[in-house]
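Undergrad:
Numbering (the UniProt record's numbering), first residue to last: 1 to 278.
1) Should residue 116 go down as buried or exposed, given a rule of 16 or more other Cβ atoms within 10 Å for buried?
2) Please state whether DSSP places residue 159 in a helix, a strand or coil.
3) Can you give me the C-alpha to C-alpha distance between residue 189 and residue 60, rounded to a whole angstrom?
4) Could you check whether residue 94 and residue 39 sit closer than 8 Å to each other, using their CB atoms as the reference points?
5) Rounded to the nearest angstrom, what separates residue 247 and residue 276 at their Cα positions?
6) Helix, strand or coil, according to DSSP, for residue 80 in the structure here?
7) Suppose you measure from the CA of residue 140 to the CA of residue 105; what does that come to, to the nearest Å?
8) Out of curiosity, what's the CA-to-CA distance linking residue 178 and residue 114?
9) How many Å lie between residue 64 and residue 46 at the Cα?
10) Mind checking residue 184: buried by the 16 CB within 10 Å criterion, or exposed?
11) With distances taken from CA atoms, which of 103, 274, 224 is nearest residue 200?
12) Quick one: grab the DSSP three-state call for residue 166.
13) Whole-angstrom Cβ separation of residue 245 and residue 20, contact assumed at under 8 Å?
14) Which residue's Cα is closest to the Cα of residue 75: 3, 18, 222, 24?
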């Protein structure tokens with residue numbers, strides 16, 4: 001599916017008054033089930049693998065593996081089972097061991113419809129983040145990733161963390177902008193520190209407004225922090241203007257899996273077999 005077809009489908013969803021929903025998938029089964037539920041975009045990146053191995057999503061930002069190679073490996077599991085939904089690759093744009101134009105060409109040839117900037121230095125802050133920027137491993141490389149992907153007619157759905165980044169990514173050609181308001185809360189490995197839902201809505205709105213001031217046709221989806229469940233997304237969408245939907249990763253595969261397996265096992269354990277006696 002080419003970029004024009006994907007965007008036409010997303011805009012038709014918006015025109016029909018329905019939300020655009022993106023889903024992160026760490027396994028082929030997650031992707032298959034998300035598609036069955038009617039998801040609009042599927043994104044795979046290294047944190048999905050760690051998340052479904054029972055580790056926090058921030059594992060994807062630590063030196064536990066080659067993030068870009070992991071997404072290539074995950075593609076062999078996910079792409080064959082997804083029938084009609086665009087699949088985007090999470091790309092580490094600061095990877096110094098990839099010639100990024102050639103890597104993007106490789107991803108497109110594999111069947112990916114687009115890219116997202118993950119792992120992202122946008123989740124780092126403080127002195128460490130400043131040092132990354134000072135030593136040539138900053139967010140500007142992720143903006144360049146999106147520019148290169150746009151040149152190759154790939155769908156681009158970057159994460160942004162403030163208004164300046166929202167403007168920069170939109171100028172670089174972002175099709176779908178995803179304001180990120182922090183690590184997803186709830187569940188066994190969710191964050192305990194987060195904005196309130198109303199604070200998240202304000203942040204999302206500010207980033208959305210900055211983006212559409214650059215290009216009015218950019219689509220914006222909310223993500224992260226306290227926006228963990230459908231009712232949380234409904235709260236934020238009701239308090240924002242021009243936000244087209246929600247992108248969930250932990251929200252779509254980790255939280256439902258935790259609940260479903262736990263409750264299924266509890267149901268089996270509640271059985272009372274008739275064992276008889278001697």
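From the three backbone atoms N, C-alpha and C, an ideal C-beta is built for every residue, glycine too. Remember, it's a predicted structure, so these values are computed and weren't measured experimentally.
TA: This is what the structure holds:
1) With 16 or more other Cβ atoms within 10 Å, it is buried.
2) strand
3) With a pLDDT of 46 at residue 189, under the threshold of 50, the modelled position of that residue is not reliable, and no figure is offered here.
4) no
5) Between residue 247 and residue 276, the C-alpha separation is close to 53 Å.
6) helix
7) 20 Å
8) 14 Å
9) 10 Å
10) The residue in question, residue 184, is buried, as its Cβ has 16 or more Cβ neighbours within 10 Å.
11) Of the listed residues, the one whose Cα sits closest to residue 200 is 224.
12) helix
13) That pair is a contact at about 4 Å.
14) 24
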